[in-house]
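Asker: First the structure, then my questions, so here it is.
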Amino acid sequence: MTALLEVEDLRVSYGKIEAVKGISFSVEAGQVVTLIGTNGAGKTTTLRTLSGLLKPTAGKILFDGKPLSGIPAHKIVSFGLAHSPEGRHIFPRLTIFENLQLGAFLRKDKEGIEKDVQRTYELFPILGERRNQAAGTLSGGEQQMLAMGRALMSQPKLLMLDEPSMGLSPIMMQKIMSTIVELKSQGTTILLVEQNAQAALSLADQGHVMEVGNIVLSGTGQDLLHDESVRKAYLGED
Amino acid sequence: MNTLPQQLANGLLLGSMYGLIAIGYTMVYGIVQLINFAHGEIFMTGAFGAFTVYFYLLPDGTSMALAVPLMLIGGGIVAILIAVGAERFAYRPLRGAPRLAPLITAIGLSLALQEVVRNFYPRADRAVAFPGLDGTHDIGSVTIKDADIFLVVAAIVCMSALAFFVRKSRTGRAMQATAQDPDTAQLMGIDTNRIIVIAFAIGGFFAAVAAVAYGLKYGSIDYRMGFLMGLKAFTAAVLGGIGNIYGAMLGGLVLGVAETLASAYIDDIPGMHLFGGGSWKDVWAFCLLIIVLLVRPQGLLGERVADRA
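Line order of the protein sequences matches chains A and B. Under full-length UniProt numbering, think of the first position of the first sequence as 1, with each following residue one higher. Under full-length UniProt numbering, think of the first position of the second sequence as 1, with each following residue one higher.
Written out as C-alpha cells, the structure reads:
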C-alpha cells in the first residue's frame with residue numbers, strides 16, 4: 001500500500017535561510033502522525049509548504065499519488081488536504097456559521113454541507129450555541145475548535161493541525177486533544193504539529209522529531225515517548 | 001435659491017458622487033492594503049469612454065434615455081479594463097514589495113493616464129463638452145436637475161447591489177474572507193487573485209458611473225478632472241473608515257454636505273468673511289478630514305486595528 005502523503009527530501013528557504021533542510025516522511029491513511037520540536041525547527045514551514053502557501057526549493061510531495069509541487073494553495077484543498085493554521089486564523093468579523101461555510105467553499109452539495117455543519121455543532125456544542133456570533137468574540141479555545149471544524153468542512157483526506165494546543169488553558173487543551181482522539185477513532189488521517197510533545201506523542205501512531213530543519217529521530221509515538229533523548233529535550237526531565 | 005434645503009441637497013448630491021468613487025479606494029485598500037492613487041484617473045477615463053460612445057458611436061439625435069445606459073456600459077468597460085489592467089500589470093508584480101513601490105507606481109500611472117488622454121484623445125487638451133441632462137424639477141424650495149436624479153438613483157442602486165453582493169453571495173463572502181486574512185482564504189480554496197481582480201473591477205465600474213453622472217451634471221469633462229475628484233473621494237474613504245464600504249458612502253455624503261455648507265455659510269460667521277465661497281471649499285473639506293482623524297483616527301465607521309493572534 002502506498003502512503004496517503006509522501007514527502008521526499010523536502011527543502012524550503014526564506015531568502016538565503018534554509019528553514020527545512022531535506023526532510024522525508026510519510027503518512028498512511030488512518031494514521032495520526034506528529035511532528036514535534038522546538039520553535040524554529042521548521043514544523044510550521046513544512047505544513048505551509050504542503051498546503052501550497054510556501055514554495056519548496058527542492059524535493060517531492062506526493063499526495064494521494066499526485067505531485068503537489070507548483071500547484072497554488074487554493075487548488076490544493078480540492079485534492080483533500082485541509083490545513084488548520086498556527087494561531088487559528090479564523091475570520092474574526094464573520095460569524096461562526098459563515099466561517100464553517102467558508103471551510104466548504106469548494107463543495108457544491110448543499111445538503112451535505114448543512115449536515116456537516118450540524119455534525120460540527122455536535123462535535124463542539126459551544127459553536128452551535130454561538131453560530132451567529134462574530135468569530136472574533138470567541139475565546140482562544142473556542143476559536144481553535146472553530147479552526148478545526150472549519151478545516152473538516154472540506155471533507156479532507158488529510159487534516160493538518162498546526163499547534164492546536166497553543167496558548168490554551170490545560171482544560172481546553174485536554175478538550176482539544178480528546179477531540180483529536182475522537183477524530184482519529186472515526187478514521188480521520190491527521191498530521192499534527194505540536195510543541196506539547198507529551199500530548200502529541202501519546203496519541204500519535206508515528207512521530208518525527210525536528211531540529212533546525214531536519215528530522216533527527218523517528219519512531220512510533222510510544223517509542224519516542226520513552227526515548228531518553230526525547231524525554232530530556234522535550235518532556236522536561238533530566 | 002441658496003436656501004438651506006437647497007444647499008443640503010447640493011451637498012448630498014456631490015457627496016453621492018464622492019461616495020461612488022470612494023468605493024474603489026476602499027475596496028482595493030480593504031483587500032490588498034494598497035492606495036490606488038490612479039483611481040481618480042480611472043474615473044476620468046470612464047468619463048472619456050462614455051463620451052466616446054455618445055459622440056463617435058451613437059447616431060446624432062439619439063434620445064438620452066437610450067444614450068445614458070449605453071454610455072454607462074461604454075464608460076464602465078473602459079474603466080474596468082484600465083482598473084484590471086493596472087492591477088495585473090502594475091500592482092500584481094509588486095505584491096510583497098515594500099509599500100512605497102506600488103504607491104509610487106500608482107502616482108506614475110496616474111500621470112501617465114492623464115498624459116495619454118491629453119495627447120491622444122482628439123481635442124482633449126482642453127475641456128470637452130459632455131451632453132447634459134438639464135431639465136429641472138422643483139421640490140418645495142429645492143431645485144434639482146435630471147442629472148441629479150440620475151446620480152441619486154445610480155448611487156442608491158449601486159450601493160444596495162454592492163451591499164447585497166458582499167453580504168449574501170458566495171464571491172462576496174470570499175471577498176470578506178480575503179480582506180480579513182488572505183493566506184487563510186487560500187487555504188479555504190479561494191482564488192485570492194481573482195477576488196482582487198473583482199475588487200478592482202467593481203471599483204472601476206462605480207467610478208465610471210460617477211463619471212457619467214459628473215458629465216451629465218456639469219456638462220464638461222477634461223483630462224485633469226480625476227485629480228481633485230479622486231483626492232476628495234480618497235478623503236471620503238478615509239473619513240468613513242478605509243476598508244469599509246458603508247464608510248465610503250457615509251464619508252462621501254458627510255464630506256459633500258460639509259464642504260457645500262462651509263462654502264455657503266462660513267462667511268456669515270463674524271470675522272470669517274474672507275473664507276467663504278467656492279474657492280475655499282477644498283480647504284474646509286481637508287480641515288474636516290484633519291479634525292476627524294485627530295478625534296477618530298480609524299474614521300467614522302472604521303474598526304480599530306486589532307492585533308492578530
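C-beta atoms are modelled at their ideal positions from N, C-alpha and C, and glycine is treated no differently. Only a predicted model underlies this, so the values are computations on that prediction, with no experimental measurement involved.
At a CB-CB cut-off below 8 Å, which residues of chain B make contact with Gly103 of chain A?
Answerer: Looking up residue 103 of chain A in the first sequence gives position 103. Neighbours of Gly103 of chain A on chain B, chain order: Met188.
Asker: Would you tell me roughly how many angstroms separate the C-alpha atoms of Gly243 of chain B and Gly251 of chain B, rounded to the nearest one?
Answerer: The residue given as residue 243 of chain B occupies position 243 in the second sequence. The residue given as residue 251 of chain B occupies position 251 in the second sequence. Approximately 12 Å, taken between the alpha carbons.
Asker: Just by C-beta distance, which residues in the segment 168-182 of chain B are closer than 8 Å to chain E?
Answerer: Structure shown: chain E not included; protein chains present are A and B.
Asker: Just confirm the distance between the C-beta atoms of Thr184 of chain B and His89 of chain A, as a whole number of angstroms; I'd bet it's less than 8 Å.
Answerer: Counting from one through the second sequence, the residue named residue 184 of chain B turns up at place 184. Counting from one through the first sequence, the residue named residue 89 of chain A turns up at place 89. Their Cβ separation, rounded to whole angstroms, is 4 Å, which keeps Thr184 of chain B and His89 of chain A in contact under 8 Å.
Asker: Check whether the segment 61-73 of chain B and the segment 230-246 of chain B touch, using three or more Cβ-Cβ pairs below 8 Å as the test.
Answerer: Segments in contact, no.
Asker: Is Leu53 of chain A close to chain B? Criterion is C-beta to C-beta, closer than 8 Å.
Answerer: Taking the first residue of the first sequence as 1, we reach residue 53 of chain A at position 53. At least one chain B Cβ lies under 8 Å of Leu53 of chain A.
Asker: Give me the residue from B:Ala79, B:Leu300, B:Leu94 with the minimum Cα distance to Gln33 of chain B.
Answerer: Residue 33 of chain B sits at position 33 when you count from the first residue of the second sequence. Of B:Ala79, B:Leu300, B:Leu94, the residue nearest in Cα terms is B:Leu94.
Asker: Compare the C-alpha of Leu103 of chain B against each of B:Tyr246, B:Asp222, B:Tyr29 and name the closest.
Answerer: For this step, residue 103 of chain B is matched to residue 103 along the second sequence. Checking every option, the nearest Cα to that of Leu103 of chain B belongs to B:Tyr29.
Asker: At which residue ranges does the segment 167-191 of chain A contain complete alpha helix (DSSP H) runs of 4 or more residues, listed in the order of the chain?
Answerer: Correct list: 170-185.
Asker: Can you tell which of B:Ser110, B:Ala174, B:Ser160, B:Gln186 has the C-alpha that lies nearest to the C-alpha of Ile198 of chain B?
Answerer: Within the second sequence, the letter at position 198 stands for residue 198 of chain B. When only C-alpha atoms are compared, the closest one is B:Ala174.
Asker: Just the C-alpha distance for Ala309 of chain B and Glu163 of chain A, rounded to the nearest angstrom, thanks.
Answerer: Here residue 309 of chain B is taken as the residue at index 309 of the second sequence, counted from 1. Here residue 163 of chain A is taken as the residue at index 163 of the first sequence, counted from 1. Confidence at Ala309 of chain B is low in this model, with a pLDDT of 33, below 50, so the placement of that residue is unreliable and no value is reported for it.
Asker: Label Met272 of chain B either buried or exposed according to how many other C-beta atoms from any shown protein chain fall within 10 Å of its C-beta, with 16 as the threshold for buried.
Answerer: For this step, residue 272 of chain B is matched to residue 272 along the second sequence. So Met272 of chain B counts as exposed.
Asker: Following the continuous alpha helix (DSSP H) through Glu115 of chain B, name the residue where it begins and the one where it ends.
Answerer: One-based indexing of the second sequence puts residue 115 of chain B at position 115. That run of the alpha helix (DSSP H) goes 100-120.
Asker: Along the chain, where does the alpha helix (DSSP H) that runs through Arg88 of chain A open and close?
Answerer: Numbered from 1 along the first sequence, position 88 holds the residue referred to as residue 88 of chain A. From DSSP, Arg88 of chain A is part of no alpha helix (DSSP H); its letter is neither H nor E.
Asker: Specify whether the segment 16-30 of chain A and the segment 66-83 of chain A touch according to this definition: at least 3 beta carbon pairs, one from each stretch, less than 8 Å apart.
Answerer: In short, these stretches do not touch, since the Cβ pair count stays below three.
Asker: Should residue 243 of chain A be flagged as near chain B, meaning a C-beta pair shorter than 8 Å?
Answerer: The displayed coordinates of chain A run from 1 to 238. Any statement about residue 243 of chain A would go beyond what the structure contains.
Asker: What are the boundary residues of the beta strand (DSSP E) that Met272 of chain B is part of?
Answerer: The residue labelled residue 272 of chain B in the question sits at position 272 within the second sequence. Where Met272 of chain B is concerned, there is no enclosing beta strand (DSSP E), given that its DSSP letter is neither H nor E.
Asker: For Leu20 of chain B and Val209 of chain B, which I take to be in contact (beta-carbon distance under 8 Å), what is that distance rounded to the nearest angstrom?
Answerer: By 1-based counting over the second sequence, the position of residue 20 of chain B is 20. By 1-based counting over the second sequence, the position of residue 209 of chain B is 209. Confirmed, Cβ separation roughly 6 Å.
Asker: Excluding the five sequence neighbours on either side, which residues of its own chain have a C-beta within less than 8 Å of the C-beta of Leu94 of chain A, listed in chain order?
Answerer: Here residue 94 of chain A refers to the residue found at position 94 of the first sequence. Leu102, Ala134, Ala135, listed in sequence order.
Asker: Going by Cα to Cα distance, which pick from B:Thr192, B:His137, B:Ser141 is closest to Thr3 of chain B?
Answerer: To locate residue 3 of chain B, count along the second sequence from 1; it is residue 3. The shortest Cα separation from Thr3 of chain B among B:Thr192, B:His137, B:Ser141 belongs to B:Ser141.
Asker: Three or more C-beta pairs under 8 Å: does that hold for the segment 245-263 of chain B against the segment 278-287 of chain B?
Answerer: Touching, yes.
Asker: On the premise that Ala199 of chain A lies in contact with Met177 of chain A, defined as a C-beta separation below 8 Å, what is that separation, rounded to the nearest angstrom?
Answerer: Residue 177 of chain A sits at position 177 when you count from the first residue of the first sequence. Residue 199 of chain A sits at position 199 when you count from the first residue of the first sequence. Contact flag correct, Cβ pair sits at about 5 Å.
Asker: When you compare the segment 57-74 of chain A with the segment 118-132 of chain A, are there three or more beta-carbon pairs, one atom per stretch, that lie closer than 8 Å?
Answerer: No, they do not touch.
Asker: Straight-line CA distance for Met44 of chain B to Leu111 of chain B?
Answerer: Within the second sequence, numbered from 1, the residue matching residue 44 of chain B stands at position 44. Within the second sequence, numbered from 1, the residue matching residue 111 of chain B stands at position 111. Whole-angstrom Cα-Cα distance: 12 Å.
Asker: Express the C-alpha separation of Ala83 of chain B and Phe89 of chain B in angstroms, rounding to a whole number.
Answerer: In the second sequence, residue 89 of chain B corresponds to position 89, counting from 1. In the second sequence, residue 83 of chain B corresponds to position 83, counting from 1. Those two C-alpha atoms are separated by around 10 Å.
Asker: Does the segment 44-53 of chain B touch the segment 119-137 of chain B, meaning 3 or more C-beta pairs lie closer than 8 Å?
Answerer: Flag = yes, the segment 119-137 of chain B and the segment 44-53 of chain B touch.
Asker: Pro182 of chain B by DSSP, collapsed to three states: which one?
Answerer: On the second sequence, residue 182 of chain B is found 182 positions in, with the first residue counted as 1. Reduced to three states, the DSSP call for Pro182 of chain B is helix.
Asker: Are the C-beta of Asp307 of chain B and some C-beta of chain A separated by less than 8 Å?
Answerer: Mapped onto the second sequence, residue 307 of chain B falls at position 307. Reliability of the predicted coordinates at Asp307 of chain B is poor, the pLDDT of 38 falling under 50, and the value obtained from them is presented with this limitation in mind. Closer than 8 Å: no.
Asker: Leaving aside the five residues before and after Val166 of chain B along the sequence, list all residues of the same chain whose C-beta is less than 7 Å from its C-beta, in chain order.
Answerer: Here the question's residue 166 of chain B lines up with position 166 in the second sequence. Correct list, in chain order: Gly172, Met175, Gln176, Ile245.
Asker: Quick one: which chain B residues come within Cβ less than 7 Å of His89 of chain A?
Answerer: Along the first sequence, read from residue 1 onward, the residue named residue 89 of chain A stands at position 89. Chain B residues near His89 of chain A: Asp181, Thr184.
Asker: What residue from A:Leu201, A:Gly37, A:Val193, A:Gly236 has the CA that sits closest to Leu224 of chain A's CA?
Answerer: For the purposes of this step, residue 224 of chain A is taken as the residue at position 224 of the first sequence. Leu224 of chain A has its Cα closest to that of A:Leu201, out of A:Leu201, A:Gly37, A:Val193, A:Gly236.
Asker: Ignore the nearest five residues each way along the sequence and tell me which others in Arg107 of chain A's own chain have a CB closer than 6 Å to its CB.
Answerer: Here residue 107 of chain A corresponds to residue number 107 of the first sequence, with the count starting at 1. Ile113.
Asker: Write down every uninterrupted run of the alpha helix (DSSP H) in the segment 11-74 of chain A whose length is 4 residues or greater and which is fully enclosed by it, in chain order.
Answerer: Runs found: 43-50.
Asker: Using 8 Å as the limit for Cβ to Cβ distance, is Thr26 of chain B near chain A?
Answerer: Looking up residue 26 of chain B in the second sequence gives position 26. Not closer than 8 Å to any Cβ of chain A, the Cβ of Thr26 of chain B fails to qualify, so no.
Asker: Evaluate the contact criterion for the segment 11-18 of chain B versus the segment 51-61 of chain A: three or more CB pairs, one atom per stretch, below 8 Å.
Answerer: Because the criterion of three Cβ pairs below 8 Å is not met, the segment 11-18 of chain B and the segment 51-61 of chain A do not touch.
Asker: Which bits of chain A does Thr45 of chain B rub up against, with CB to CB less than 9 Å?
Answerer: As a first step, residue 45 of chain B must be located in the second sequence, where it is residue number 45. Within 9 Å Cβ-Cβ: nothing; Thr45 of chain B doesn't reach chain A, min ~31 Å.
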